[in-house]
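Peer 1:
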Amino acid sequence: PLGPQPLNEEHKREIRMQESAFNHVPQPSDSERLRLYMPRNPYQTAQHFPQVPPPHSDTVEFFQRLSTETLFYIFYYMEGTKAQYMAAKALKKQSWRFHTKYMMWFQRHEEPKTITDEYEQGTYIFFDYEKWGQRKKEGFTFEYRYLE
Amino acid sequence: IDDPPGLREKADALLREWVHMYHQPAAGRDSTKAFSNFVQHMHQQGILKTDDLITRFFRLCTEMSVDMTYKLMSEHGSQHQPLPISVKTKCFQRLDAFVRLIALLVKHSGDEANMVTKVNLLNKVLGIVAGVMMQDHELRDVSFQQLPYHRIFIMLFMELNSPERILENINYQVLCAFFNVFHVMRPSRAPGFAFAWLELISHRVFIGRMLAITPNQQGWPMYAQLLIDLFRYMAPFLRNADLKKSTLLLYRGALRVLLIMLHDFPELLCDYHYAFCDVVPPNCIQMRNLILSAFPRNMRLPDPFTPNLKIEMLQEINHAPKCQINYAGAIQPSSFKKDLDSYLLNRAPVSFLSEMRSTLQQPCPELGTRYNISLMNALVLYVGSQAINHIYSRNLSPNMSAIAHSAHMDIFQNLAVALDTEGRYIFLNAMANHLRYPNSHTHYFSSALLYLFAEANTEAIQEQITRVLLERLIVNRPHPWGLLITFIELIKNPSFKFWQHSFVHCAPEIEKLFESVAKSCS
Amino acid sequence: PGIDLTTLGLNLNAPDNLYPTFLSPWADGPCRPQDIDYHVPTEYLTN
Chain A
1 PLGPQPLNEE
11 HKREIRMQES
21 AFNHVPQPSD
31 SERLRLYMPR
41 NPYQTAQHFP
51 QVPPPHSDTV
61 EFFQRLSTET
71 LFYIFYYMEG
81 TKAQYMAAKA
91 LKKQSWRFHT
101 KYMMWFQRHE
111 EPKTITDEYE
121 QGTYIFFDYE
131 KWGQRKKEGF
141 TFEYRYLE
Chain B
1001 IDDPPGLREK
1011 ADALLREWVH
1021 MYHQPAAGRD
1031 STKAFSNFVQ
1041 HMHQQGILKT
1051 DDLITRFFRL
1061 CTEMSVDMTY
1071 KLMSEHGSQH
1081 QPLPISVKTK
1091 CFQRLDAFVR
1101 LIALLVKHSG
1111 DEANMVTKVN
1121 LLNKVLGIVA
1131 GVMMQDHELR
1141 DVSFQQLPYH
1151 RIFIMLFMEL
1161 NSPERILENI
1171 NYQVLCAFFN
1181 VFHVMRPSRA
1191 PGFAFAWLEL
1201 ISHRVFIGRM
1211 LAITPNQQGW
1221 PMYAQLLIDL
1231 FRYMAPFLRN
1241 ADLKKSTLLL
1251 YRGALRVLLI
1261 MLHDFPELLC
1271 DYHYAFCDVV
1281 PPNCIQMRNL
1291 ILSAFPRNMR
1301 LPDPFTPNLK
1311 IEMLQEINHA
1321 PKCQINYAGA
1331 IQPSSFKKDL
1341 DSYLLNRAPV
1351 SFLSEMRSTL
1361 QQPCPELGTR
1371 YNISLMNALV
1381 LYVGSQAINH
1391 IYSRNLSPNM
1401 SAIAHSAHMD
1411 IFQNLAVALD
1421 TEGRYIFLNA
1431 MANHLRYPNS
1441 HTHYFSSALL
1451 YLFAEANTEA
1461 IQEQITRVLL
1471 ERLIVNRPHP
1481 WGLLITFIEL
1491 IKNPSFKFWQ
1501 HSFVHCAPEI
1511 EKLFESVAKS
1521 CS
Chain C
2001 PGIDLTTLGL
2011 NLNAPDNLYP
2021 TFLSPWADGP
2031 CRPQDIDYHV
2041 PTEYLTN
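Chains as they are written, first to last, in the working numbering: chain A, 1 to 148; chain B, 1001 to 1522; chain C, 2001 to 2047.
1) For tyrosine 146(A), which residues of its own chain have a beta-carbon under 7 Å away from its beta-carbon, when the five flanking residues on both sides are left out?
2) Whose C-alpha, out of Gln1045(B), Gln1362(B), Phe1035(B), Arg1252(B), is nearest the C-alpha of glycine 1006(B)?
3) In whole angstroms, what separates the C-alpha of glutamine 1413(B) from that of leucine 2(A)?
4) Would valine 1350(B) be called buried (16 or more neighbouring beta carbons within 10 Å of its own) or exposed?
5) Taking the beta carbon of tyrosine 1444(B) as the centre, do at least 16 other beta carbons fall within 10 Å, making it buried, or is it exposed?
6) Verify the CB distance criterion: does lysine 136(A) have a CB-CB separation below 9 Å to chain B?
7) According to DSSP, which residues form a beta bridge with threonine 1359(B)?
8) Does DSSP classify glutamine 1413(B) as helix, strand or coil?
9) Using 9 Å as the limit for Cβ to Cβ distance, is proline 2041(C) near chain B?
10) What residues from chain B crowd round aspartate 58(A), counting only those whose CB sits closer than 9 Å?
11) From glutamate 1267(B) to arginine 1029(B), what distance separates their C-alpha atoms?
12) In the DSSP assignment, the alpha helix (DSSP H) including tryptophan 1018(B) goes from what residue to what residue?
13) Output yes if chain A places a C-beta closer than 9 Å to the C-beta of aspartate 1141(B); else output no.
14) Could you name the residues of chain B that methionine 17(A) contacts, counting a contact when the two beta carbons are closer than 9 Å?
15) Nearest-angstrom Cα distance between leucine 1356(B) and tyrosine 1371(B)?
16) Based on the DSSP secondary-structure assignment, which residues constitute the bridge partners of threonine 1062(B)?
17) In the segment 1136-1182 of chain B, which residue ranges form an unbroken alpha helix (DSSP H) of at least 4 residues, counting only runs that do not cross its ends?
18) Which residues does DSSP list as the beta-bridge partners of methionine 104(A)?
19) Which runs of the alpha helix (DSSP H) fall wholly inside the segment 1292-1373 of chain B and span at least 4 residues, in chain order?
20) Do valine 1205(B) and isoleucine 1152(B) have their C-beta atoms within less than 9 Å of each other?
21) Can you tell me which of Cys1284(B), Pro1321(B), Gln1286(B), Leu1249(B) puts its alpha carbon nearest to the alpha carbon of methionine 1299(B)?
22) Report the residue ranges of all alpha helix (DSSP H) runs contained in full by the segment 1181-1244 of chain B; include only those spanning at least 4 residues, in chain order.
23) Kindly indicate which residue of Glu1168(B), Asn1120(B), Asn1429(B), Gln1146(B) has the alpha-carbon position closest to the one of proline 1215(B).
24) For alanine 1103(B), which residues in the same chain have their Cβ closer than 8 Å to its Cβ, ignoring the five residues on either side in sequence?
25) For the segment 43-76 of chain A, which residues have a beta carbon sitting closer than 8 Å to at least one beta carbon of chain B?
26) Out of curiosity, what's the CA-to-CA distance linking lysine 82(A) and alanine 1378(B)?
27) Compare the beta carbon distance of methionine 1133(B) and methionine 1068(B) with 9 Å and say whether it is the shorter of the two.
28) Can leucine 1976(C) and leucine 1259(B) be called in contact, C-beta distance under 9 Å?
29) Can you list, in chain order, the residues of its chain whose CB lies under 7 Å from that of phenylalanine 1498(B), leaving out five sequence neighbours each side?
30) Check whether the Cβ atoms of phenylalanine 62(A) and proline 54(A) lie closer than 9 Å to each other.
31) For glutamine 5(A), go through chain C and note every residue whose CB falls closer than 8 Å to its CB, in chain order.
32) So, for isoleucine 1411(B): in the same chain, excluding its five sequence neighbours on each side, which residues have a beta-carbon less than 6 Å away from its beta-carbon?
33) Which residue's Cα is closest to the Cα of arginine 1436(B): Arg1165(B), Ala1113(B), Cys1270(B), Ile1085(B)?
34) Chain C beta carbons: is any one of them nearer than 9 Å to that of tyrosine 85(A)?
35) Can you tell me whether valine 1116(B) is buried or exposed? The criterion is at least 16 other CB atoms within 10 Å of its CB, across all chains shown.
36) So does the segment 1323-1338 of chain B actually touch the segment 1450-1459 of chain B, counting three or more Cβ pairs closer than 8 Å?
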């Protein structure tokens, strides 16, 4: 039984300002650190494309089912995010180790033979920084180098 | 005003130099290397000599950072289109550098153990940014842009909540500083910043800090205040239910935040439900139900449709709910409160009852209602609480027989009988706002509503009680437990003769609705 | 009648808290792992 409540002058000013602000509502990425090499570009894809991530996609178990290349891609492209952290955890569960000095992932072989005091026999992910800079131009792939 | 001559140019040069240093690879992790060099330059330029100069420096840098943003936006984007990502990135590169400088100056001001200087500087800077924003908001009117201010606040909050020892010592003070500035910039003060404001206060890191990480729920009163600020601002636009698209977006955003509260922090909604319902418009029935549906996580609610459910047998039904608000203080004027207390004590003078009704009349009816809703809410809760205490003092439980024939019930019956339709609607709503999870208030107010129904001297009162309950039931979920058990009791208990009332059969769909509820009960 | 609150993009039956992945009051879905800034070990910041 409450009648309409007329908007006073102050309310009308507020709604005018709100209507104008409605044209530039903040995007979620406006609250995130800048990712120069992976800018967040909200893009409306076709409706039949999955619009939300699959369930449990933020669990290590999900990441563990991803291919090694995908995990490396996530690790290097999504730096400083929870995705990178999860990818690192999944790689470690796939018996990869992160060589902090050379910032490379490597996988120890069954009977690792020590090569030098820094390297041992294994499979290393060689991260080609030069190519990294040119990745936009050439097809960028992670190169595995088996170091003798 | 009266900045020393040349200070603006000096600040401009320093800010440019800092932005450049910030983006160099040599800046080091968190720009610490760049900062130690830059601070020397600030010393050489005399910027750090006095508090006044530092303050002026920050204001000038804020203004210049904001001006740069407007300039980039005007060059690349239109006023009324979302900005291209590339332009935003350019703006953010400058703004993030300025934020980093602020964060480093706050962290390293005074010696490491001196938290006071750090917190004072932070409050000062936040005040400056808010001041520049409010002035900008006034001057530019509909051309105001939230972007630079939103970015500065959120990135500064994230920086100052990084896991660093220096910061961990001042986490709570940082939280208070941001609460204060967000309260100052609440939507009713800066409606052009309303969307950014809701984005800020609902950011996962801010909610985490406010409600989960800060010990002993110290952030809860602050966060409750921010939610009240939001509801207060939206109330006039929601009250008329002609939602413009912008209001609908804000409303849906508010619902999402309330759902987060309901799911993650239901006790916050439990403890502050009174304050929230005092500002949520009466016609926002679903939003209010959302608030009233919260119950403590450690509580198991019995199915309201359980046959022969005896609520007074429930263990929690005699526990008083926490209420963090001093509602008694809202009973004004104090002379009225004195007369009220006297009536409750002596059940006299009878003249008080008519005085009460006139006091409840709103002095300025153009607010769309002739009643002071806040006073009604406070009066109902105060009288109800007194009644509950009185009943327990006689070792009784607030059921139908115990609540009758008392000064408290005189007041409620007088309001039910003597008020007009509008006034009674507000009164019954104030009662129904306590039908929540099992607690002594739910028990009392459920019994009181049913008692008023049973003792009503006209069918109009019974119809209106039914309407007030029904309008809360026919909206989308969630529905408060106390509302369900009250309505089920009303339609099931033959002593209320519910089905014999003509209004039950007033329309086929209404009759069908009652029957469907009745069927769910059986 | 209000809104069907299950259509606002929040998983109201989730066992864990929702706020850590709350993306925005206007978003119809939660954060994805790549949306969440994380304090990863310094050596991970290879870029």
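All residues carry an ideal CB built from backbone N, CA and C; glycine is no exception.
Keep in mind it's a predicted model, so treat the numbers as computed, not measured.
Peer 2: In short:
1) Low local confidence applies: a pLDDT of 48 at tyrosine 146(A) is under 50, so the model's placement there is unreliable, and no value is given.
2) Residue Gln1045(B) holds the alpha-carbon nearest to the alpha-carbon of glycine 1006(B) among Gln1045(B), Gln1362(B), Phe1035(B), Arg1252(B).
3) Taking C-alpha positions only, glutamine 1413(B) is separated from leucine 2(A) by approximately 21 Å.
4) The residue is exposed, with fewer than 16 neighbouring Cβ atoms inside 10 Å.
5) Under this definition tyrosine 1444(B) is a buried residue.
6) Confidence is the limiting factor: at lysine 136(A) the pLDDT is only 47, short of 50, which leaves the residue's position unreliable and the question unanswerable from this model.
7) Checking the DSSP bridge columns, you'll see threonine 1359(B) has no partner listed.
8) Glutamine 1413(B): helix per DSSP, three-state reduction.
9) Taking Cβ atoms only, chain B never reaches closer than 9 Å to proline 2041(C), which makes this a no.
10) Within 9 Å Cβ-Cβ: nothing; aspartate 58(A) doesn't reach chain B, min ~13 Å.
11) So the two alpha carbons sit approximately 41 Å from each other.
12) Tryptophan 1018(B) -> alpha helix (DSSP H) spans 1007-1022.
13) At a cut-off of 9 Å between C-beta atoms, aspartate 1141(B) counts as an interface residue with respect to chain A.
14) Under a criterion of Cβ atoms nearer than 9 Å, the residues of chain B adjacent to methionine 17(A) are, in order, His1137, Asp1141, Val1142, Phe1144, Ala1190, Pro1191, Gly1192, Phe1193, Ala1194.
15) The sequence as given places methionine at residue 1356(B); leucine does not occur at that position. Going from the Cα of methionine 1356(B) to the Cα of tyrosine 1371(B) covers about 12 Å.
16) Paired residue(s): none; threonine 1062(B) is not in a bridge.
17) For the segment 1136-1182 of chain B, the full-length alpha helix (DSSP H) segments reaching 4 residues or more read 1147-1159, 1165-1168 along the chain.
18) His99(A), per the DSSP bridge assignment.
19) Listed in chain order, they are 1334-1346, 1351-1360.
20) No, they are not a contact pair.
21) Comparing Cα positions, the closest option is Pro1321(B).
22) Counting only runs of 4 or more residues that sit fully inside the segment 1181-1244 of chain B, the alpha helix (DSSP H) segments are 1194-1201, 1204-1207, 1220-1239, in chain order.
23) When only C-alpha atoms are compared, the closest one is Glu1168(B).
24) Residues Leu1156, Glu1159, Leu1160 of the same chain have their beta carbon placed closer than 8 Å to that of alanine 1103(B), with the five preceding and five following residues left out of the count.
25) With the criterion set as a beta carbon lying under 8 Å from some beta carbon of chain B, the segment 43-76 of chain A has no members that meet it.
26) When rounded, the distance between both Cα atoms is 47 Å.
27) Not closer than 9 Å, so no.
28) Chain C is shown from 2001 up to 2047; residue 1976(C) falls before or after that span and cannot be answered.
29) Contacts found: Leu1490, Ile1491, Val1504.
30) In terms of Cβ geometry, phenylalanine 62(A) and proline 54(A) form a close pair [threshold 9 Å].
31) Residues of chain C passing the Cβ test: none, with the nearest at roughly 20 Å.
32) Closer than 6 Å at the Cβ level, and outside the excluded window around isoleucine 1411(B), lie Val1383.
33) Each of Arg1165(B), Ala1113(B), Cys1270(B), Ile1085(B) was checked against the Cα of arginine 1436(B), and the nearest Cα belongs to Cys1270(B).
34) Contacts with chain C at 9 Å (Cβ-Cβ) include tyrosine 85(A).
35) By the neighbour-count criterion, in which a residue is buried when 16 or more other Cβ atoms sit within 10 angstroms of its Cβ, valine 1116(B) is exposed.
36) No, because fewer than three Cβ pairs between the segment 1323-1338 of chain B and the segment 1450-1459 of chain B fall closer than 8 Å, the two stretches do not touch.
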